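**Q**
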Amino acid sequence: MSMATEEERATKAREAGDREAARLWRAWRTVHEMVQDRGYQLSEEEVKISLKDFRYQYSGPDGSIDRNKMKFSADPSEIMVKRYTNLPTTAQPVPPPPDVGRIWVEFLPGDNVGIKQMRNFAQFLSQNSHHTGILITNVSITPAAMKIIPAVANETRIECFMEQDLLVNITHHELVPKHVLLSKEERGKLLERYRLKDTQLPRIQLSDPIARYLGLRRGQVVKIIRKSETAGRYASYRLCV
Amino acid sequence: MAAPKSILKKTSYPATTSRSKDERDREVALYHANLLQERKDIELKILLNTETLIDYPLASKPYDASNPSPVDARSFKKLVQPFQPSDYDSLIVERNINEHCGYSLCPNDRVKDGAAGKYRLIGKTGKAKNFKVVEKGELEKWCSSACAKRALYVRVQLSQVPAWERDITYGMEIDLLDESKSGEDPTVERHEKMDSFTPDDPGKKNATDLALERGDKGVGAKKGLVDVDIKEKDVQRPAQAPSFETEDISERLESLHLQLEGHTTVFGSKRQRRHHEELEGIDEDGYCSDTDWKLD
Chain D
1 MSMATEEERA TKAREAGDRE AARLWRAWRT VHEMVQDRGY QLSEEEVKIS LKDFRYQYSG
61 PDGSIDRNKM KFSADPSEIM VKRYTNLPTT AQPVPPPPDV GRIWVEFLPG DNVGIKQMRN
121 FAQFLSQNSH HTGILITNVS ITPAAMKIIP AVANETRIEC FMEQDLLVNI THHELVPKHV
181 LLSKEERGKL LERYRLKDTQ LPRIQLSDPI ARYLGLRRGQ VVKIIRKSET AGRYASYRLC
241 V
Chain U
1 MAAPKSILKK TSYPATTSRS KDERDREVAL YHANLLQERK DIELKILLNT ETLIDYPLAS
61 KPYDASNPSP VDARSFKKLV QPFQPSDYDS LIVERNINEH CGYSLCPNDR VKDGAAGKYR
121 LIGKTGKAKN FKVVEKGELE KWCSSACAKR ALYVRVQLSQ VPAWERDITY GMEIDLLDES
181 KSGEDPTVER HEKMDSFTPD DPGKKNATDL ALERGDKGVG AKKGLVDVDI KEKDVQRPAQ
241 APSFETEDIS ERLESLHLQL EGHTTVFGSK RQRRHHEELE GIDEDGYCSD TDWKLD
């Protein structure tokens with residue numbers, strides 16, 4: 001009798017471990033796709049890792065997935081750099097360099113994320129001169145810790161996601177249209193063509209899930225391509241606010 | 001050909017002061033921008049203070065929560081001063097994340113019982129009125145109930161008003177529950193503080209008071225929208241106390257009860273009244289000498 005319960009307990013623990021591993025694997029896949037969609041360089045093997053390989057690479061000695069191992073960095077591709085290149089203006093004939101650089105992604109273990117953890121992350125990013133950092137947590141971050149992000153904004157750019165928000169890639173959903181970030185040049189041409197000021201465009205919020213996925217910044221314009229029954233394809237543009 | 005005269009109102013009036021409109025607009029914009037900047041600075045200060053207080057107390061062994069080191073106690077009071085109760089709550093959360101007791105001057109770790117269950121029973125022995133069912137999380141914020149009391153004693157003294165809207169002299173003083181034991185005479189400290197907040201220049205103090213009365217309060221409003229310049233009025237003759245004039249009153253005695261703050265209300269225009277008086281003069285002994293009921 002006791003043998004049976006022992007066995008049952010072991011099976012239950014194993015199943016829980018499997019579920020946790022699958023969850024983390026899905027978040028890992030999504031965050032890779034996200035980084036790739038933003039225009040950073042990642043190989044296909046890295047993005048399309050199988051659950052088996054993932055478990056093999058990121059398991060700790062006890063067989064469960066070790067979040068401390070789950071971290072990676074990526075460099076922006078040429079296309080991405082081009083997209084962020086500033087145009088010369090009359091005030092600034094030599095434009096400032098594009099505001100992109102290496103991205104660092106880290107899964108944070110532990111069931112509490114406070115000021116300390118956030119400060120450590122920010123320090124790590126600026127010490128290793130990572131331009132952007134993505135922190136993925138299992139629990140929500142305290143409001144006080146979120147205030148660190150604007151305080152260090154001139155050193156490094158921090159974005160936060162929760163594991164549960166990354167279990168599915170929202171851009172793969174059939175009701176989510178394709179969003180494409182316009183480069184500075186394309187943005188200028190668009191405004192010129194329609195004779196608009198940027199504030200006259202429809203808007204998208206900075207906190208919009210897609211805007212967070214693409215890492216949009218205030219003032220950028222996205223082109224949204226929808227399927228249309230009458231026109232085939234229909235493009236609209238939104239300004240990020 | 002002369003341009004036709006516009007029938008529209010002139011949109012711009014000649015400036016009453018020497019400054020141009022642009023200049024005035026700029027000043028107003030700057031004033032509000034400074035207020036916002038002040039607010040941002042204070043919010044950042046609160047964040048940094050919270051970060052500092054996570055690792056408190058700095059002094060070790062002989063001092064503990066019931067007998068904090070004077071240096072720590074003083075800097076704690078200073079750091080916590082711009083906090084609102086909500087900021088204080090998030091400080092407690094941050095300390096708990098780092099496994100410290102929620103009270104900033106306590107060096108102990110918080111208690112954590114591994115037992116399951118969401119609620120705990122406290123006060124199981126003794127009087128029935130002390131018996132309570134409390135959430136486990138509430139109990140695990142502190143190392144002991146004494147520390148909970150000390151921490152909440154500080155919390156209730158914090159002002160609900162955000163630091164950038166407070167007036168400068170309000171809510172400066174924060175007492176600790178165990179202050180008298182800390183060795184230093186608290187009254188001396190208080191006197192020092194009071195001195196430092198009394199401006200040397202009485203005129204400056206008056207200006208501050210007036211600004212407070214106008215609503216230009218807070219640290220951000222050092223330079224308000226209105227220039228306040230208090231000028232003393234020179235009085236040459238000696239001051240005289242107001243006196244009650246007795247001889248005057250006998251004449252006005254009849255109508256005194258009708259007076260409202262020195263003014264007697266009369267009905268109808270002057271002409272009507274005169275007309276009335278003439279009528280009354282004609283039939284002096286007539287039937288309507290009493291006009292109380294007739295108001296017009």
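Taken in order, these protein sequences are the chains called D and U. Just so you know, we're using UniProt numbering here: the first sequence kicks off at 1 and counts up by one. Just so you know, we're using UniProt numbering here: the second sequence kicks off at 1 and counts up by one. Quick reminder that beta carbons are idealized off the backbone N, C-alpha and C, glycines included. Predicted model only: the values in this text are computed from it and were never measured.
Out of ASP22(U), LEU58(U) and ASP109(U), state which residue places its alpha-carbon closest to the alpha-carbon of LEU139(U).
**A** For the purposes of this step, residue 139(U) is taken as residue 139 along the second sequence, with counting starting at 1. Looking at the Cα atoms, ASP109(U) is the closest of the given residues.
**Q** What residues from chain U crowd round ARG218(D), counting only those whose CB sits closer than 7 Å?
**A** Against the first sequence, residue 218(D) aligns to sequence position 218. Ordered by position in chain U, no residue passes the 7 Å Cβ test against ARG218(D), which lies about 17 Å from the chain.
**Q** Can you confirm whether ALA115(U), when its beta carbon is compared against all beta carbons of chain D, has any partner nearer than 7 Å?
**A** In the second sequence, counting from the first residue as 1, residue 115(U) sits at position 115. Judged by the 7 Å Cβ criterion, ALA115(U) is not in contact with chain D.
**Q** For LYS69(D) versus TYR58(D), is the C-beta spacing smaller than 7 Å?
**A** Locating residue 69(D) in the first sequence gives position 69, counting from the first residue. Locating residue 58(D) in the first sequence gives position 58, counting from the first residue. Against a cut-off of 7 Å, the Cβ pair of TYR58(D) and LYS69(D) comes out as a contact.
**Q** Measuring alpha carbon to alpha carbon, tell me which residue in GLY219(D), ASN86(D), MET162(D) and PRO177(D) is nearest TYR234(D).
**A** Locating residue 234(D) in the first sequence gives position 234, counting from the first residue. Among GLY219(D), ASN86(D), MET162(D) and PRO177(D), the Cα nearest to that of TYR234(D) belongs to PRO177(D).
**Q** Kindly indicate which three-state DSSP category THR5(D) falls into: helix, strand or coil?
**A** Walking along the first sequence from the start, residue 5(D) turns up at place 5. Helix.
**Q** Cutting at 6 Å between CB atoms, please list the residues of its own chain near SER66(U), excluding the five before and the five after it.
**A** If you number the second sequence from 1, residue 66(U) lands on position 66. Counting only Cβ-Cβ distances below 6 Å, and skipping sequence neighbours, we find ASP178.
**Q** Let me know if TYR103(U) comes out buried or exposed under the rule of 16 or more other beta-carbons within 10 Å of its beta-carbon.
**A** By 1-based counting over the second sequence, the position of residue 103(U) is 103. That one is buried.
**Q** Pick out whichever of PRO209(D), ASP198(D), ILE49(D) and GLY114(D) has its Cα sitting closest to the Cα of PHE161(D).
**A** What you label residue 161(D) is simply residue 161 of the first sequence in a count that begins at 1. For PHE161(D), the nearest C-alpha among the options comes from PRO209(D).
**Q** Considering Cα atoms alone, identify which of THR50(U), TYR63(U), ILE97(U) and CYS101(U) is closest to LYS77(U).
**A** Position 77 of the second sequence, counted from the first residue, corresponds to residue 77(U). Looking at the Cα atoms, THR50(U) is the closest of the given residues.
**Q** Using 8 Å as the cut-off, can you tell me whether the segment 143 to 157 of chain D makes contact with the segment 117 to 132 of chain D, which would need three or more C-beta pairs spanning the two stretches below that distance?
**A** Touching, yes.
**Q** Using only alpha-carbon positions, find the residue among SER255(U), GLN240(U) and GLU165(U) that is nearest to LEU35(U).
**A** Working through the second sequence from its first residue, we reach residue 35(U) at position 35. That would be GLU165(U), whose Cα lies nearest to the Cα of LEU35(U).
**Q** Rounded to whole angstroms, how far is the Cβ of PRO61(D) from the Cβ of VAL100(D), which I believe are closer than 8 Å?
**A** One-based indexing of the first sequence puts residue 61(D) at position 61. One-based indexing of the first sequence puts residue 100(D) at position 100. The Cβ separation is near 38 Å, so there is no contact.
**Q** With 16 other CB atoms within 10 Å as the buried threshold, where does ARG19(U) fall?
**A** By one-based count along the second sequence, residue 19(U) stands at place 19. Its Cβ having fewer than 16 others within 10 Å, ARG19(U) is exposed.
**Q** Just to make sure I have the definition right: I need the residues of chain D whose C-beta is within less than 8 Å of the C-beta of SER90(U). Which are they?
**A** Counting from one through the second sequence, the residue named residue 90(U) turns up at place 90. Within chain D, the residues near SER90(U) are THR142, PRO143 and ALA144.
**Q** Measuring CB atoms only, is the segment 85 to 94 of chain U touching the segment 112 to 131 of chain U, in the sense that at least three cross pairs come out at less than 8 Å?
**A** Segments in contact, no.
**Q** Taking contact to mean 3 or more Cβ pairs, one atom from each stretch, closer than 8 Å, check whether the segment 174 to 189 of chain D and the segment 209 to 218 of chain D are in contact.
**A** Yes, the segment 174 to 189 of chain D touches the segment 209 to 218 of chain D.
**Q** Looking at the C-beta of GLY114(D), does it have a partner C-beta in chain U at a distance below 7 Å?
**A** On the first sequence, residue 114(D) is found 114 positions in, with the first residue counted as 1. Judged by the 7 Å Cβ criterion, GLY114(D) is in contact with chain U.
**Q** So MET162(D) is in the beta strand (DSSP E); what residue range does that whole segment cover?
**A** On the first sequence, residue 162(D) is found 162 positions in, with the first residue counted as 1. Note, MET162(D): beta strand (DSSP E), 157 to 162.
**Q** Would GLU51(U) count as contacting chain D if we go by Cβ distances under 7 Å?
**A** The residue labelled residue 51(U) in the question sits at position 51 within the second sequence. Answer yes: the Cβ-Cβ gap between GLU51(U) and chain D drops below 7 Å somewhere.
**Q** Look at the alpha carbon of ASP87(U) and the alpha carbon of GLY137(U), and state the distance between them as a whole number of angstroms.
**A** The residue labelled residue 87(U) in the question sits at position 87 within the second sequence. The residue labelled residue 137(U) in the question sits at position 137 within the second sequence. Distance between the alpha carbons of ASP87(U) and GLY137(U): 19 Å.
**Q** Going by CA-CA distance only, name the one from PRO82(U), GLU27(U) and PRO57(U) that's closest to LYS40(U).
**A** Here residue 40(U) refers to the residue found at position 40 when the second sequence is read from its first residue. Selected option, being the one with the closest Cα: PRO82(U).
**Q** 7 Å is my cut-off, CB to CB: does VAL93(U) come that close to chain D?
**A** Indexing the second sequence from 1 puts residue 93(U) at position 93. Yes, VAL93(U) counts as interfacial toward chain D.
**Q** Give me, in chain order, the residues of the same chain whose beta-carbon lies closer than 7 Å to that of ASP66(D); leave out the 5 immediate sequence neighbours on both sides.
**A** Walking along the first sequence from the start, residue 66(D) turns up at place 66. Counting only Cβ-Cβ distances below 7 Å, and skipping sequence neighbours, we find TYR58, SER59 and GLY60.
**Q** Among the candidates PRO202(D), ALA74(D) and LEU167(D), whose CA atom is the shortest distance from the CA of GLN36(D)?
**A** Residue mapping note: residue 36(D) aligns to position 36 of the first sequence, counting from 1. When each option's Cα is compared against that of GLN36(D), the closest is ALA74(D).
**Q** Based on DSSP bridge pairs, tell me the residues matched to CYS240(D).
**A** By one-based count along the first sequence, residue 240(D) stands at place 240. Paired residues: ILE204(D).
**Q** Is DSSP giving PRO88(D) helix, strand or coil here?
**A** Here residue 88(D) refers to the residue found at position 88 when the first sequence is read from its first residue. Coil at PRO88(D), not helix or strand.
**Q** How should THR132(D) be labelled, buried or exposed, when 16 other C-beta atoms within 10 angstroms of its C-beta is the threshold for buried?
**A** Along the first sequence, one-based indexing puts residue 132(D) at 132. By the neighbour-count rule (16 or more Cβ atoms within 10 Å), THR132(D) is buried.
**Q** Would LYS48(D) pass as an interface residue toward chain A - the criterion being a Cβ-Cβ separation below 7 Å?
**A** Any reference to chain A falls outside this structure, whose protein chains are D and U.
**Q** Just tell me which of PHE54(D), MET34(D) and ARG38(D) has its CA closest to the CA of ILE170(D).
**A** By 1-based counting over the first sequence, the position of residue 170(D) is 170. With distances taken between Cα atoms, ILE170(D) lies closest to MET34(D).
**Q** Would you check if the segment 188 to 205 of chain D and the segment 150 to 166 of chain D touch, i.e. whether three or more CB-CB distances between them fall below 8 Å?
**A** With a cut-off of 8 Å, the segment 188 to 205 of chain D and the segment 150 to 166 of chain D do not count as touching, because too few Cβ pairs lie within range.
**Q** Please list the partners that SER44(U) has in chain D, where partner means a Cβ-to-Cβ separation under 7 Å.
**A** As a first step, residue 44(U) must be located in the second sequence, where it is residue number 44. For the record, residue 44(U) in the displayed sequence is Leu; it is not Ser. By Cβ distance, chain D contributes ALA151.
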